[in-house]
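Let me begin by presenting the structure, written as structure tokens, before commenting on it.
2 protein chains.
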Amino acid sequence: MSKILVFGHQNPDTDAIGAAIAFSYLQNQLGKETEAVALGTPNEETQYALNFFKLATPRVVRSIKEEGAQVMLVDHNEFQQSISDIAEAEILAVVDHHRIANFETANPLYYRAEPVGCTSTIILKLYKEKQIEIPKEIAGIMLSAILSDTLLLKSPTCTSEDEAAAKELAAIACVDLTSYGLEMLKAGTNLSDKTAAVLLDLDAKSFPMGSSNVRIAQVNTVDLNEVMMRQKELEEAMTNEMSKNGYDLFILIVTNILDSDSELLVAGRELEKVEEAFKVQLMNNRALLKGVVSRKKQVVPQLTAVFN
Amino acid sequence: MSKILVFGHQNPDTDAIGAAIAFSYLQNQLGKETEAVALGTPNEETQYALNFFKLATPRVVRSIKEEGAQVMLVDHNEFQQSISDIAEAEILAVVDHHRIANFETANPLYYRAEPVGCTSTIILKLYKEKQIEIPKEIAGIMLSAILSDTLLLKSPTCTSEDEAAAKELAAIACVDLTSYGLEMLKAGTNLSDKTAAVLLDLDAKSFPMGSSNVRIAQVNTVDLNEVMMRQKELEEAMTNEMSKNGYDLFILIVTNILDSDSELLVAGRELEKVEEAFKVQLMNNRALLKGVVSRKKQVVPQLTAVFN
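Taken in order, these protein sequences are the chains called A and B.
Start counting the first sequence at 68; every next residue gets the next number (the working numbering).
Start counting the second sequence at 68; every next residue gets the next number (the working numbering).
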């Protein structure tokens, strides 16, 4: 009997990897045989956190073929963000903090979603409900996930539950929340050595909106200009991705983690919908969104509303 | 500001009504302003339970127009089983024990599903997690829901958690589980005074399967023959419902609650898929399914697999 695979979304971020590790450990303590895997190579921020807490990097899996057909999903549910052949899998459980869409099962399952800032915040609750002790390194990767998803607890997605969870986990992990978090986030902002194509794929998700297929990528930086100096190269790569994958609209959100603003760079059809959604006028395909840092809360619902 | 509406599925059964009452009460204790309503008149079994525990019958709501646009769903998630204009509503929470399908939101939400026999079993957990005391009459309607969904704890959908929950709730409600449960179930088996159309609509749900629209109704009885004597009248009503509502296949499950078997009566296209799903040969559009009592666990997945 194969192990049950536990994984987060494609283009994994720190929560996708961290929640998979934490949920898999919890399930194993409860008597299940599971393995945390990833649908892509961890980014530099996540790798920093894994190294810091001396955790093994989960192996990358691209298909459930030759693996067990039973899976547990964390930090996502939409099939187009999951493993390529997710429709063939038996989904036993989902733990997530996103909207539900393009998801279905033939059988009843365990599904736990809460509108908090990070999947790992929910997983901390599950540990408590099941009265399972959290090892130091697991607490460390869960803390990293919360700090990553909430940009050091500053994102509008951050709830009081995320903040309390982060403090509790920092104590178990024996780190200073703020200084550790800033070092971890900075480790993920080294963009200069990446090609435009790699940069666009670091943290990108596809969203069906109305009849359109919208790709939304996000990168963190400490210097917006450094990224926007590469506008031409980025636009070429966006156009290339669109024609290759059938996206109708490509939005790159470049987020300054120090001052919590974002600049959009957009390509594709229906650019007027972007203007309508964010009440901005695009200049040279760009727009500055003051105070916007959350794709989930400040970008996807606004765009979805305009497309529907 | 309107109250948040809490409701179960169309053609409400005792769990749809009971879980709505119990979840609404819990949410109100937690500071939300909610009202338990129903998407149809309670059946006789449910009315027996409401009367027994001296609970008011929830008012029937057919549309969220002129109501609040914020809703919480219990005991269902599929839009075609929900209120007619569910797509206009903001779904804040779902508590359910069914597969997830034909469900989507624009925003993150609270979603709690577990593969147990009854929504009210999950709601009992929520009361404990939030440390809210359960009033006697609320415990009574939750117990009724569990006994109804699990046919006195005998259905294959019944888990050890449902059994433990039923015992705990029976103690709070001060009733003998078995004798109360049998009286309640029997109150729902009085079919003789109902027209075929009413009988088919008592507990019926629609399921998109492949490209087909499948309607599956279930009735409980203590005498299969009493129902099947009306086969001709039932078949005419099924055919009528199909042409009126565009169903491709109509399945009536007649369940004997005393010996835990069911007889199917089917009408429509693709009857061979019914034979394939249950490995039976239809005789006169009927087939006896020994040991089958659960639509959710013993009928829907088997049929879905054949249609996909």
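Virtual Cβ for every residue (Gly too), placed ideally from N, Cα, C.
Residue nearest to B:F119 in terms of C-alpha spacing, selected from B:I208, B:P275 and B:L214: Nearest in C-alpha terms to B:F119, of all of B:I208, B:P275 and B:L214, is B:I208.
Within chain A, the residues that B:A173 reaches when beta carbons sit closer than 9 Å: Chain A residues near B:A173: R166, A168, V367, P368, T371, A372 and N375.
Minimum C-alpha distance to A:E204 - residue among A:L338, A:N280 and A:K121: A:K121
Closer than 7 Å at the beta carbon, the chain B residues around A:Y194: By Cβ distance, chain B contributes nothing, its closest Cβ being about 13 Å from A:Y194, past 7 Å.
Secondary structure of A:E102, DSSP reduced to three states: strand
Those runs of the alpha helix (DSSP H) which lie wholly inside the segment 254 to 332 of chain B and span at least 4 residues: Those alpha helix (DSSP H) runs which fall completely within the segment 254 to 332 of chain B and span 4+ residues are 263 to 268, 291 to 295 and 298 to 312.
Contacting residues, own chain, Cβ-Cβ under 7 Å from A:I71 (five flanking each side not counted): Residues K99, E100, T101, G135, Q137, V138, M139 and L159 of the same chain have their beta carbon placed closer than 7 Å to that of A:I71, with the five preceding and five following residues left out of the count.
Nearest-angstrom Cα separation, counted from B:K261 out to B:G335: 23 Å
Residues that A:L356 contacts on chain B, provided the C-beta gap is smaller than 7 Å: Result: empty, since nearest Cβ-Cβ is about 19 Å, beyond 7 Å.
A:V73: first and last residue of the uninterrupted beta strand (DSSP E) it sits in: I71 to F74
Proximal residues of chain B, C-beta to C-beta of A:P182 below 8 Å: N174, P175, L176 and Y177
C-beta neighbour in chain A for B:K272, strict 8 Å: no
Burial state of B:A244 (16 or more Cβ within 10 Å): One point to set straight first is that residue 244 of chain B is Leu, not Ala, in the sequence displayed. So B:L244 ends up on the buried side.
Residues of the segment 97 to 129 of chain B with Cβ closer than 9 Å to any Cβ of chain A, in chain order: none
Buried versus exposed call for B:E200 [16 or more other C-beta atoms within 10 Å across all chains shown]: exposed
Length of the line joining the Cα atoms of A:L93 and B:Q147: 36 Å
Distance between A:T217 and A:V183 (C-alpha atoms, nearest Å): 10 Å
B:R362 - containing alpha helix (DSSP H), residue span: R362 to Q365
Spatial neighbours of A:I189 in its chain, beta-carbon cut-off 7 Å, leaving aside the 5 residues before and after: The beta carbon of A:I189 lies closer than 7 Å to those of V162, H164, R179, E181 and V183 in the same chain, with the five residues before and after it left out.
Neighbouring residues, chain B, relative to A:K363 (Cβ below 8 Å): P175
CA nearest to the CA of B:D82, picked from B:S327, B:S310, B:N110 and B:N312: Distance check between B:D82 and each of B:S327, B:S310, B:N110 and B:N312 places B:N110 closest, using alpha-carbon atoms only.
Residues bridged to A:Q137 (per DSSP): A:E157
Among A:R362, A:E112, A:N375 and A:I150, the one whose alpha carbon lies nearest that of A:K340: A:N375
For B:I84 and B:L117, the rounded distance between their alpha carbons: Cα to Cα, the separation comes out at about 9 Å.
Other residues of its chain near B:A123: CB distance less than 6 Å, five sequence neighbours each side excluded: Taken in chain order, the list of residues that qualify is empty.
Minimum length 4: unbroken alpha helix (DSSP H) runs contained in the segment 152 to 231 of chain A: 186 to 197 and 203 to 216
Counterpart residues of B:G85 in DSSP-defined beta bridges: Its beta-bridge partners do not exist; DSSP assigns none.
Classification of A:A206 by the beta-carbon crowding that lies within 10 angstroms, buried from 16 upward: buried
Alpha-carbon spacing of A:T288 relative to B:S149, whole angstroms: Between the alpha carbons of A:T288 and B:S149 lies a gap of roughly 44 Å.
Residue burial classification, A:T113 (beta-carbon count within 10 angstroms, cutoff 16): buried
Limits of the beta strand (DSSP E) - the one that A:L355 falls within: Note, A:L355: beta strand (DSSP E), R353 to L356.
Beta-carbon gap between A:T172 and B:R166 smaller than 8 Å: yes
Contact between the segment 228 to 244 of chain B and the segment 269 to 283 of chain B (3+ Cβ pairs under 8 Å): no
Backbone CA spacing between B:E145 and B:E157 [nearest angstrom]: 15 Å
Extent of the continuous alpha helix (DSSP H) to which A:K341 belongs: As written in the sequence, residue 341 of chain A is Val, which differs from the Lys given in the question. Note, A:V341: alpha helix (DSSP H), L338 to F345.
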